Structure formats: C-alpha cells, structure tokens
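A short write-up of the structure that comes next.
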Amino acid sequence: METTTEKPKLRRSDNGLFADKYMLDISQLTKIYPTPKGDYVVLDDLDLKVKHEEFISIIGHSGCGKSTLLTMIAGLNPISRGTIVVNNQTIKGPGPDRGVIFQSPSLLPWMSAYDNVMLGVKQVFAHGTKKDRDDIVKYYLSKVGLEDAMHKKAKELSQGMQQRVGIARAFALKPKVLLLDEPFGMLDSLTRGELQDVLIEVWNQEKITAIMITHDVDESIFLADRVIMMTSGPRARVGDILEIDFERPRLRKDVLDHPDYYKYREHLINFLEH
Amino acid sequence: MKDKSIHILNFVGLGFFEPAIRLAAGEEVKKNLIALFRKVLLPVLSVGLFLLLWHSGAMVLYTIEKDARIEKALTERGQEAADLERACIESNGKDCKISTLPTPSQVWSAYQSLLADHSIISGKKAAFLEKVSATNEKRIADGLDPITYTGRPSFVDQIWTSLKTVFAGFLLALFIAVPIGIMLGLSDTLRSSVNWLIQIFKPVSPVVWLLLVTMIVVTVSKGSDGDSAFTISFISVGLCSMWATLVNTTMGVSSVDKDYINVAKVLNLSMSQKVFKIILPSSFPLIFTGLRITLSVAWMVLIAIELLAQSPGLGSFVWEEFQNGSSESNSKIIVAMFVIGIIGFLLDRIMLTIQKFVTFTEETV
Ligand SMILES: Nc1ncnc2c1ncn2[C@@H]1O[C@H](COP(=O)(O)OP(=O)(O)OP(=O)(O)O)[C@@H](O)[C@H]1O
Ligand SMILES: [Mg+2]
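Residue numbers (the working numbering), protein chains in the order written: chain P, 33 to 306; chain L, 103 to 467.
Here it is as structure tokens:
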C-alpha cells in the first residue's frame, strides 16, 4: 500500500527540543458538568501519557467518566481545565488526526458500506486521485472481510458487519490516534471475538496509537499493551496501570495459554471489585 | 410474474387486489377467500350501503320540498294551483324542477353529460385551432401572439386548470419552505428569533392569505396584462400550504441523530457536505411527510381560493353551478365533489409512492 510504515519514535518539535516522546499527552485534565444541583466533577486532574504505536485500554466502573475522557480527546466534548496534546499539538475540537469508532456503528444507513468509508476518505485525501481513494476504500473494506458486501446499504448489514465498516472507516483515514468507545459492547460474544481478531489484525499492520474503552477484562488483556484502570467517580483519576507483556503479534490461543494470563486477569478483577 | 404484480400493487397502495391474484393462482384457497371477503367484498358492500342511504335521503328531501311547494301553492293560490303544481312537479317540467340533494343516478347522468359536454367543446376547440393555424403561423412569424381559443372551458379543462394551479402552488411552497426550514433547523438562534412569525402566520385562514396576495399582486402587476387570477391563486395556495413542510423540515433538520452529527465532526465534513450527505438524507422522511401534508392542504384550499378569487378551475366551476341553482347544477356540484375527493386521494397516493422510492426507511407510512 503506502510507504508510511516507518515512524520515528522521536521527532523534532517546533521549539527544537525532542519533546514529543508521546503521541498523546493528557495533563491535569478536569471535566465539570454543570447540573441543576451544582457542578459535577467527573474527572479531576487526570494525567495520562500514551506512546507512539501503543495500544492502551481503559477499564473502570460504569459512570466513572471513560466516555467523557474519550469524547474530550476526540474533541467532541469541551475541556473544563487542563490540556490534551496529540502528536505535539494541543487539540482544539475534532480533527482527522483522531479517528473514532463509536459503540453504535454510527454508519449512515442510507449509504452503502463503500460510500460510508469513502465519505471520510474523500475528505482526508482530497488531493489524491480518484483511483487512489477507491483503492484505499476497497483495501480497508477487504481487510475487515467485507469485499463481497461493500456495495450493500449499511442498514442491510448485521451489527457485526456494520462495526467492521466502522473499523475500516476509522483506519482508512490513517489517523494518528484511534479512539474506541466500547466498540464491541453491543455484539454477542462470538461476533465480539471475531471482531477483536479483525481489529488486532488491521492494527498489527498499521500500528496506530489506540485507546480503547472496554468493560471486558479479557478483551483488554488480549488487545492492549497497557490497561489503564480508572477510579470510580466523581473526581475520577487513573487508579492503576497494568503492563501486559505479551509479544506481538498475539494469537488468542497463545494469550489464553500464557502462564501470566491469570495473574493479569486477577489484578484487573481485584481492582474492579474494590 | 404473480409475485411481481403483487409487489407492485402493494407498493402503489392497491394491496386489496392481492387475494384475488393469489386466488386465481390457486394458493391457499380458504385463507384467500376470507381475505378477499374482507378486503374486497366488505368495501363493495359498504359502497352499496352508502349509495342506498344517499338515495333514500335524497328521496326524503325531495318529498319534503315537493310537499312544501304544493302546500304553498294551496295556501296562496288555492286547490287548482296546487293540483297544477303537483302535476308539473311529477311530470318533471322545466319551470318547476325541484332543487335539493340529487340522487346517485342523477349525479351519474350529470357526470355523463359533463363528459359529453367536454367532447363537444374539445371538438369545437380542435376545429377552431385548425381554422386559425395558418393565421397563427403567420402571426408568430410576424412576432405577434397567436390567437387562442377563448370559448367556455369544459369540466375536464377546469380539472386541468386546478391541477396546474395546485402544482404551481405546491412547487412554490416547496421552494420556499424547504430551504427556509433547513436554515431554521441548522441555527437555534435563527429558529428562536423567527418562531413567533411562524406561530402567528401558520393558523391564518386561506381567505386572508388570498386577500393579502391579491393586494400585493394587483399592485405589482399594474401595467402588465398577465394572468393575474392564476398568479393570485397559486401564490395563495403556496402560502397557505407551506407551513407543514416548513415546520417538518425545521424539526427534521434540528433533530438529526447526534451520532451522525458526531460522524460529521470527526470526519471534518464541510458545511455543504454535512447538509447534503448527512442532514438532508436523515431528515428526508420528515420533510416528505411535510410535503405530503402540504400537497393535501394545497388541494383543499385551492378549491376555496378558486371559488373566492373567481379564477378558473374546479372551485369556480362549483361556485358557478351553485349560482345557477338548477337541480342539474346540484348534481354537477356533487360530481365535482367526488372528482375533488378522488384527485386528492390520488395525489396523496402518488406522494406516498414517491416517498417510498426516495426515503431509506420503508416504515414511514
Ligand atoms: N452531558 C452531561 N451532563 C451532565 N452529566 C453528564 C453528562 N454526560 C455524562 N454525565 C455524567 O458523567 C458521568 C460519566 O459519564 P460517562 O458517560 O463518561 O461514563 P462512562 O464511564 O462512559 O460510563 P459507561 O461505562 O456506562 O459508558 C456519569 O455520572 C454521567 O451521568
Ligand atoms: Mg461510556
């Protein structure tokens, strides 16, 4: 495909310092929702740094502010205090450097799978040729296993297939950071497993820095390099971080058979049950 | 072939033919017989009952009117006059025809005479056009307007005129209400600042719109000799009927699924792409429902407006016949009533069929 596989770990920033070791740098992030009963502080002084080509997952109790954090990174939700720096630039609103895969596939139901992906591709690769864009869309749709269904209307696809389109759409735009908010939460466990495989397969090739919210402990271990555990709200912060030291590319079977697997699992469950 | 025709029939809203087709194909005889009874026989029976009630009602009214006339003749001019009056009425004489609700059969014959009248008039018109065709060619070559037929329009001509007017009014409503609705839907500020205007003008009666439009058109068209009656009536129709589309478009555009808006933001779509690729398609069902209401309102007010504005069409046809006051006229009015109703129904069906074609959710009926 493209020759953008080599990505320097260190890059010269604008002020001439080698400051951008991190792809995503969140510091002192605070989110306050004003409510009729006074301000509700969801996140309080949250710090989080994510390296290039790192896959992290975030777990935490329902309502602790995971989606709030993710929508703020995406630029869809205003920041009350603190900064979010993506690829050395402080974010101001949404942008094509951050791709989002939502929980509901959020495809436009009146368009085909192809057109749904093309909508964004046209925007991001506006200067490329028509043929280039067509290639990109087809490449990613076949990557997620939809080469035969790409001209079906989105509403005719099953939930799982729709989410495959969602994955293709996000990767096709070649974002710097990929944000995933419980992308498989609405799927049955069999389909969920399939889609985890699809996701990790595409990710292995693209190595886009990814941040994924999940409720599923096994999913977080299988996919992530680090699992971020958030404390319960209000005033949630990063409570604990677990490094997952499995080699990549990972196979589900190897992961499940690994002697450390249950240690990781217990750690996470212990945190959540606290 | 069979499945295809059933599909087409269901699509255009004539699904009640389905059991007959299935029965002819010998499928599930009992089930389809019951369906046939429910979908075809019962409606036919109800039509019969309706005609019967109408007929007897008309007869009762006829008797009341007749007795009253004879009674009047008796008290005013004596027995002899009363007998004469009775004989006259019963022989259906020209001077003493009774004018009241006509019976179904009278309406049917009025319908046929209207059709006959139409073929006579169109014959005359064709003859006229042929006669002047040579002259017209010369006039056009000389840069003059061709001579047009100015004789009395037939009933069918009136129908066409009305359809033309309603179509023009509908298009006007469409081109005003949809763009404004989109703008209002996109901007909360704009919406709240002009909301009062919509709320006040929406309930205004067609009659008032007609007067308003007349005031303006008469002034604007001073000096030009265009067809101002047509202009006045189609603008009034458009202004009366556009509100449903305006309100629905505004609502549809302002209530687009938040997920889709987020998609637009994440993909950094430009404003025009956001409008054409996301907002319009997703609010299409609501906009179309608005357009359907607009068209049926347009057809309804059109008749009243033509009647008041004395512009040609079904409305003025009804009014002229009513002024005429003969019993034949009453039958013609009822014919017009049915024609108006059936055309209104067909217009709605056409809109529904188009809607099914162009929207993504088939469930919006
Ligand atoms: N727009 C809002 N206004 C006020 N409060 C909000 C708003 N959005 C979210 N909240 C509150 O902020 C808290 C965090 O919400 P958020 O959706 O981020 O939680 P979450 O961790 O994603 O939960 P879940 O795991 O159930 O998805 C919740 O208590 C929620 O009620
Ligand atoms: Mg959430």
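Even glycine gets a Cβ: it sits at the ideal position worked out from N, Cα and C.
Every value quoted in this text rests on a predicted model; they were computed, and no experiment measured them.
For Gly443/L, the Cβ stays outside the 7 Å cut-off from all heavy atoms of ligand 1. Taking the Cα of Gly114/P as reference, the smallest distance to any Cα among Asp57/P, Gly225/P and Met261/P is reached at Asp57/P.
The three-state reading of DSSP puts Thr241/P in strand, counting E and B together. Close to Ala106/P, with beta-carbon spacing below 7 Å, are these residues of chain L in chain order: Val368. Note: Thr122/P is bridge-paired with Val117/P in the DSSP secondary-structure output. Along the stretch 105-135 of chain P, going in chain order, the ones with a CB nearer than 9 Å to a CB of chain L are Ala106, Gly107, Leu108, Gly125, Pro126, Gly127, Pro128, Arg130, Gly131, Val132 and Phe134. The beta carbon of Gly152/P falls within 8 Å of a beta carbon belonging to chain L, placing the residue at that interface.
Take the alpha-carbon of Asp259/L and the one of Ile284/L: they are about 37 Å apart. Within chain L, no residue has its beta carbon less than 8 Å from that of Gln191/P; the closest one is some 14 Å off. Distance from the C-beta of Thr263/P to the nearest heavy atom of ligand 1 is not below 7 Å. One alpha carbon belongs to Gly427/L, the other to Ile172/L, and they sit about 20 Å apart.
A buried status is given to Ala200/P, since no fewer than 16 other beta-carbon atoms sit within 10 Å of its beta-carbon. DSSP lists Arg258/P as the beta-bridge partner residues of Glu275/P.
In the three-state reduction of the DSSP assignment, Val306/L falls in the coil class, being assigned neither a helical nor a strand state.
Distance from the Cα of Leu273/L is smallest, within the candidate group Ala228/L, Ser338/L, Gln214/L and Lys233/L, for Ser338/L. Counting C-beta pairs closer than 8 Å gives fewer than three between the stretch 190-204 of chain L and the stretch 227-235 of chain L, which falls short of the contact rule.
Taken from the Cβ of Lys360/L, every heavy atom of ligand 2 lies 7 Å or farther away. With a cutoff of 7 Å, Lys175/P does not count as near ligand 2, since its C-beta is closer than that to no heavy atom of the ligand. Secondary-structure assignment with DSSP links Val270/P through a beta bridge to Met262/P. In the structure shown, Arg282/P falls within a coil segment according to DSSP collapsed to helix, strand and coil.
With fewer than 16 other Cβ atoms from the protein chains shown falling within 10 Å of its own Cβ, Glu279/P counts as exposed. Within the stretch 373-385 of chain L, Gln375, Lys379, Ile380, Pro383 and Ser384 place their CB atoms closer than 9 Å to a CB of chain P, listed in sequence order. With the criterion set as a beta carbon lying under 7 Å from some beta carbon of chain L, the stretch 84-102 of chain P has no members that meet it. The Cβ neighbour count for Glu179/P, taken over all protein chains shown within 10 Å, is under 16; the residue is labelled exposed. Here Lys239/P has Glu85 as same chain residues with Cβ atoms under 6 Å from its own Cβ, once five neighbours each way along the sequence are excluded.
Going by C-alpha positions, Val268/L is about 28 Å away from Phe378/L. For Phe336/L, the three-state secondary structure derived from DSSP is helix. Contact between the stretch 145-158 of chain P and the stretch 98-106 of chain P is absent, with fewer than three C-beta pairs closer than 8 Å. Here Asn364/L is actually not in contact with Leu75/P; their C-beta atoms are around 20 Å apart, not less than 8 Å. The Cβ atoms of Thr263/L and Gly446/L do not sit closer than 8 Å to each other. Distances from the CB of Ser94/P to the heavy atoms of ligand 1 include at least one below 7 Å. Taking the CA atoms as reference points, Pro121/L sits about 7 Å from Leu135/L. Distances between the C-beta of Glu251/P and the heavy atoms of ligand 2 are all 7 Å or more.
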